[in-house]
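A.B. asks: Supplied in structure tokens, the structure appears directly below.
In mature numbering (1 follows the signal peptide of the UniProt record, and there is no 0), the protein residues as written are -15 to -1, 1 to 150.
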């Protein structure tokens, strides 16, 4: 399962377009869990939460919903973790840095806390954040009740705009 996560994570990091589809495929692949059709329905929501105009906290809420609906099997948790770690798009013509969720209550699912997201490699400091993101999928950072934005800052990345729900 870790190799699937690493493969998915590396494909997300290398592709600038279609990133939403990669995450969508991971969630769609959870069709053996939860009520019939629910993995597909949840997968259909992933592109919207990764688009530039979406709230930075929306993908964390969706990751929690995935676990709530599909269950807490390790495969489901791993799939939801891929969403938490996924890069959210941002429009470089409208903003110069990405947004990260600054709501300490999200994600609610304990197994998803302490995971930080990828950011566009063109953003200053992205090398630090993207290495932290990969590391957090292997062993989540101690969240100490902090938001994803605050954890990212503690881990050495601060070139973002904090966004609450």
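The beta-carbon is built from N, C-alpha and C at its ideal position, and this holds for glycine as well.
Please read these numbers as outputs of a predicted model, since none were measured by experiment.
Since residue 147 is in the beta strand (DSSP E), which residue starts that stretch and which ends it?
C.D. replies: That run of the beta strand (DSSP E) goes 146 to 148.
A.B. asks: Distance check for residue 23 and residue 52, CA to CA, integer angstroms please.
C.D. replies: Looking at the two C-alpha atoms, the distance is approximately 11 Å.
A.B. asks: Counting pairs of beta carbons, one from the segment 57 to 66 and one from the segment 75 to 87, are three or more of them closer than 8 Å?
C.D. replies: These segments do not touch.
A.B. asks: Quick one: what does DSSP say residue 84 is sitting in, helix, strand or coil?
C.D. replies: Here residue 84 sits in strand by DSSP.
A.B. asks: For residue 71 versus residue 103, is the C-beta distance shorter than 8 Å?
C.D. replies: Result yes, Cβ atoms of residue 71 and residue 103 sit closer than 8 Å.
A.B. asks: Could you compute how far the alpha carbon of residue 94 sits from the alpha carbon of residue 76?
C.D. replies: The straight-line gap from Cα to Cα measures roughly 29 Å.
A.B. asks: Residue 69 and residue 39 - do their beta-carbons sit closer together than 8 Å?
C.D. replies: For residue 39 and residue 69, no; Cβs fall outside 8 Å.
A.B. asks: Flag this pair as yes or no: are the beta carbons of residue 143 and residue 101 separated by less than 8 Å?
C.D. replies: No; because the gap between Cβ atoms is not below 8 Å, this pair is not in contact.
A.B. asks: Using DSSP with H/G/I as helix, E/B as strand and the rest coil, what is residue 125?
C.D. replies: If DSSP states are grouped into helix, strand and coil, residue 125 belongs with coil.
A.B. asks: State the DSSP-derived secondary structure class of residue 35, mapped to helix, strand or coil.
C.D. replies: In the structure shown, residue 35 sits in a helix (DSSP, three-state: H, G or I).
A.B. asks: Run through DSSP, which three-state label would residue -10 get?
C.D. replies: Summary for residue -10: the model assigns pLDDT 44, below 50, so the residue's position carries little reliability; its value from the coordinates is reported in the next sentence. If DSSP states are grouped into helix, strand and coil, residue -10 belongs with the helices.
A.B. asks: Just tell me which of 125, 15, 33 and 129 has its CA closest to the CA of residue 25.
C.D. replies: Of 125, 15, 33 and 129, the residue nearest in Cα terms is 15.
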